[in-house]
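Below is one structure, written out as structure tokens, with a few remarks after it.
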Amino acid sequence: MGPLRKIRLVLSVACASLICGQSIAQPLQTKTILDVNGFERPIPAFTVGIPQGWDLTGGVKWRQTTCSSSANQAEWQASANDGSDRQIVFFPVETWYWGSMLDQMPQFANSGGTGCPAARVFDAPSYLQMVITARRPGVRIIGMRPRPDATAQMQQAISSQQLPGGMQVRFEAVEALIAYNMNGKEMRESLMTIVQFMRTPTVDMNGGMGGYIMSATSFGVIGLKAPNGQLDFNLMEQVRRSLQFDPGYERRMAAYYAKVNRSRRAARPSGVSAQAQLNKTYSEISDIQHKGYMDRSAIEDSMQARTTDMILEQQGYVTGYGEVVKLPNAYDRAYELQNGGFVVTDSPSFDPYLDTGVDGTEMQREEY
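Residue numbers (my numbering): 218 to 585.
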């Protein structure tokens, strides 16, 4: 393999121990996060890169809830085993909603069609503040900063889409630095989240279309804590970028959400009451908000699939068997090797056999 060719051999969508296309400050080991009780057997849900020698605990847990997007909760921690108290944490995805009718009709605040909680939270800093209060009570917030770099590609992808029904979609990312004392040691922790906000026009109290419903989904909260002076912001960014959905789990969850949404629509009450209108709007928003897990229309599917790939920095490619595999999007070409592996490269002169010793075929990009 030529030393000047920018080629990465990929044995899985997690790029083994590499963060493809990124400058790596330290080697990472790929760990699998399991969903142990959501299906007929434990299955891989995500992969993530953590520092060599760190221990990973946690996984995906299911809970009884009518908010389908919060049914499976991914929460995990990766801890250094050198006594330094350094730890990476991940808090679960959360979904909430609010609407113009709820100011006048608070009795409907937690009875919408999605079953998700109501909250007057309209921006990412407010959400992260809420998480810090719940998860880290009594800490000092040193500061917050926006992270437009983490949402630029997602926002660009959404801006090119024709959204249905006057819907407006925006992404916000924010990072906070907090301080606290733990076992007599002064600690610092960085916490970062990305939140997707959807605002859709809806009926108002007068029967017109002057109202709105807002639905929001956080893509989890990732954090890194360490003793004061030892916080490595680059490490947290490396780990964040390494998170990858398992393709098989993505398909299983797509089927789950499609079933939930079909059941919700079938059970929707008839009539023209304000509650019925709210349920209709909540159900329609729920259908389009969860990483491609909806079956309503081609334009909605395309928007959500493209957004998910932007978030995970991946691109779908079609294999010789007609299946779609997700690979890093930082390269121009992808090849399927006869030994079952994949290669991503931006070299126009790449030859699978000459460069890897294994025959292979170039794959076509998935069409959204």
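The beta carbon of each residue, even a glycine, is placed where N, CA and C say it ideally should be.
Can you tell which of the options has its C-alpha closest to the C-alpha of residue i?
| i | options | result |
| --- | --- | --- |
| T536 | R550, D563, P565 and M580 | M580 |
| F256 | Y473, K248, N546 and V560 | Y473 |
| V412 | Q385, Q455, I358 and E311 | E311 |
| F339 | Q281, Y314 and L452 | Y314 |
| Y397 | R405, Y570 and R303 | R405 |
| T368 | S317, T282, F414 and G382 | F414 |
| A341 | A433, P354, T282 and G574 | A433 |
| C333 | Q532, W279, S317 and A288 | A288 |
| M567 | A551, G557 and R582 | First, the residue type needs correcting, since residue 567 is Phe and not Met in the sequence shown. Nearest C-alpha to F567: A551. |
| W293 | G276, Y534 and G300 | G276 |
Provide the residue(s) that pair with residue i in DSSP beta bridges, ordered along the chain.
| i | result |
| --- | --- |
| R387 | F414 |
| K402 | M399 |
| Q246 | I267 |
| Q531 | P545 |
| F462 | F263 |
| D577 | What sits at residue 577 in the sequence shown is Gly, not Asp. Note: G577 sits in a beta bridge opposite L554. |
| Q304 | S296 and K442 |
| A326 | Its beta-bridge partners do not exist; DSSP assigns none. |
| A335 | Y314 |
For residue i, would you say it is in contact with chain C, using Cβ-to-Cβ distances shorter than 7 angstroms as the test?
| i | result |
| --- | --- |
| V535 | Checking the listed chains, one finds no chain C in this structure; it contains a single protein chain. |
Could you spell out where the alpha helix (DSSP H) holding residue i opens and where it closes?
| i | result |
| --- | --- |
| P342 | A341 to R352 |
| S376 | A369 to S376 |
Taking only three categories from DSSP, how would you classify residue i?
| i | result |
| --- | --- |
| R550 | strand |
| D568 | coil |
| S407 | strand |
| P381 | helix |
| P309 | coil |
| Y538 | coil |
| A472 | helix |
| T282 | coil |
| D421 | coil |
| D252 | strand |
| E392 | strand |
Span of the beta strand (DSSP E) holding residue i?
| i | result |
| --- | --- |
| F450 | No beta strand (DSSP E) holds F450; the alpha helix (DSSP H) holding it covers F450 to S459. |
| L435 | Reading off the sequence shown, one finds Ser at residue 435, where the question assumed Leu. First-last of the beta strand (DSSP E) with S435: G428 to P444. |
| M361 | R357 to P363 |
| S317 | Unbroken run through S317 is the alpha helix (DSSP H), S317 to Q321; no beta strand (DSSP E). |
| E583 | E583 -> no beta strand (DSSP E), and no H or E assigned at all. |
| T562 | F559 to T562 |
| G275 | D272 to W279 |
| S296 | N289 to S296 |
When burial is assigned at 16 or more other CB atoms within 10 Å of the CB, is residue i buried or exposed?
| i | result |
| --- | --- |
| P545 | buried |
| D572 | buried |
| T498 | The predicted model places T498 with a pLDDT of 47, which falls under 50 and marks its position as unreliable; any figure quoted below should be read in that light. The residue is buried, with at least 16 neighbouring Cβ atoms inside 10 Å. |
| N298 | exposed |
| S459 | buried |
| S377 | exposed |
| G509 | No answer about G509 holds up, because its pLDDT of 34 lies below 50 and its placement is not dependable. |
| T350 | exposed |
| D320 | exposed |
| E540 | exposed |
| R357 | exposed |
| K476 | exposed |
| V253 | exposed |
| I430 | buried |
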